[in-house]
Amino acid sequence: MKPIIGITPSSQVDTLVHGTFERYCMSTPYVRAVEQSGGVPVILPPQCDAADRLVASIDGLILSGGPDVEPSRYGDTSVHSATYGIDRPRDQFEIELFAAALRQHIPVFGICRGIQVMNVALGGTLIQDVADQHPGAADVGHRQHERGLETSAIGHAVTALDPARLPIFEDSELGVNSFHHQAIRDLARGLIPVAYSPDGLIEAVSYAADPSVFAVQWH
């Protein structure tokens with residue numbers, strides 16, 4: 003039987019001729035990647051009171067990319083001018099989903115925002131804008147679309163400290179795409195840094211207690 007993989011969506015407000023509507027949306031590459039890997043993708047819209055039940059119904063969880071986590075969740079009292087799209091219900095839901103997945107020993111894969119959610123959920127902090135707050139970021143160019151690179155192009159390389167912790171690494175270096183402006187500042191207890199960008203940002207992590215729980219900063 004094919005495994006059922008839950009994916010967290012983004013929310014979006016559309017203004018149409020007959021009114022304004024909020025909808026949940028999902029980039030098709032997430033869905034296609036799960037299908038091509040032999041899974042059945044299902045979208046998990048925010049339902050905080052149902053997190054444990056939802057996790058019990060799936061075989062794996064993907065915390066997808068999206069807007070920024072609310073800074074107050076990791077102790078920042080100010081909001082950087084580059085911070086955007088704060089979605090408090092999504093923040094709360096994904097943190098509760100992640101906690102439920104850990105309790106139920108369900109594999110978790112965090113992508114871009116997902117690595118940040120995992121870090122915040124476990125007590126870590128974030129850099130709100132790497133271009134402004136992280137020395138060396140300009141030399142790497144973490145937002146490759148601002149350099150005119152296509153989505154499928156390699157934005158920069160990452161170097162793995164322990165390639166065996168993530169099976170996607172065939173050796174210690176991997177070329178990845180890059181679209182983020184935030185990143186891990188203080189790594190949460192329980193997470194292990196797996197790979198770094200050339201300017202020293204953490205680009206991949208795994209959960210010390212369960213190697214099937216891991217995340218990457220790229221797509």
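Position 181 of the sequence shown, counting from 1, maps to 183 under this note's numbering, and the rest follow consecutively. Ideal placement from N, C-alpha and C gives every residue a C-beta, glycine not left out.
Cβ separation of residue i and residue j, assumed to be a contact under 8 Å, to the nearest whole Å
{"i": "R191", "j": "T127", "result": "Actually they do not touch by this definition, with Cβ atoms about 12 Å apart."}
{"i": "S13", "j": "Y26", "result": "6 Å"}
{"i": "P73", "j": "V81", "result": "5 Å"}
{"i": "A223", "j": "H183", "result": "As shown, the chain starts at 3 and ends at 221. That puts residue 223 outside it, with no answer to give."}
Cutoff 6 Å; reference residue i; Cβ partners in own chain excluding five residues on either side
{"i": "V110", "result": "L63, A103 and V215"}
{"i": "V36", "result": "I7 and P43"}
{"i": "Y76", "result": "V122, T127 and L128"}
{"i": "E175", "result": "A159 and T161"}
{"i": "T85", "result": "D70 and Q130"}
{"i": "D16", "result": "F23"}
{"i": "I156", "result": "G177"}
{"i": "S208", "result": "R167, I194, V196 and F216"}
{"i": "L99", "result": "A53"}
{"i": "L203", "result": "A185"}
Burial state of residue i (16 or more Cβ within 10 Å)
{"i": "Q118", "result": "buried"}
{"i": "H20", "result": "exposed"}
{"i": "H107", "result": "exposed"}
{"i": "C114", "result": "buried"}
{"i": "P137", "result": "exposed"}
{"i": "I170", "result": "exposed"}
{"i": "A211", "result": "exposed"}
{"i": "S83", "result": "exposed"}
{"i": "L163", "result": "exposed"}
{"i": "A206", "result": "buried"}
Delimiting residues of the alpha helix (DSSP H) encompassing residue i
{"i": "G177", "result": "From DSSP, G177 is part of no alpha helix (DSSP H) but of the beta strand (DSSP E) over E175 to V178."}
{"i": "Q106", "result": "It is not in any alpha helix (DSSP H) - Q106 carries neither H nor E in the DSSP assignment."}
{"i": "D51", "result": "Taken as a continuous stretch (DSSP letters only), D51 belongs to no alpha helix (DSSP H), as it is neither H nor E."}
{"i": "A35", "result": "T30 to Q38"}
{"i": "V132", "result": "V132 to Q135"}
Residue i - containing beta strand (DSSP E), residue span
{"i": "Q118", "result": "From DSSP, Q118 is part of no beta strand (DSSP E) but of the alpha helix (DSSP H) over R115 to A123."}
{"i": "V160", "result": "H158 to A162"}
{"i": "V207", "result": "I204 to Y209"}
{"i": "V218", "result": "D212 to V218"}
{"i": "R25", "result": "G21 to C27"}
{"i": "P11", "result": "Looking at the DSSP string, P11 is not in any beta strand (DSSP E), and its letter there is neither H nor E."}
{"i": "Y86", "result": "Unbroken run through Y86: none, as it is neither H nor E."}
{"i": "G126", "result": "Here G126 belongs to no beta strand (DSSP E), and DSSP marks it neither H nor E."}
{"i": "V81", "result": "Note, V81: premise wrong, no beta strand (DSSP E); not H, not E."}
{"i": "I63", "result": "Reading the sequence as shown, one finds Leu at residue 63 and not Ile. Its beta strand (DSSP E) spans residues G62 to L65."}
{"i": "P5", "result": "It is not in any beta strand (DSSP E) - P5 carries neither H nor E in the DSSP assignment."}
{"i": "I45", "result": "V42 to I45"}
Residues near residue i in its chain [Cβ-Cβ closer than 7 Å; skip 5 each side]
{"i": "G40", "result": "K4"}
{"i": "H221", "result": "G67, I113, C114, N179 and F181"}
{"i": "P48", "result": "P91, R92 and F95"}
{"i": "G125", "result": "A190 and R191"}
Residues near residue i in its chain [Cβ-Cβ closer than 8 Å; skip 5 each side]
{"i": "M28", "result": "I9, P11, S12, I45 and S66"}
{"i": "E172", "result": "P165"}
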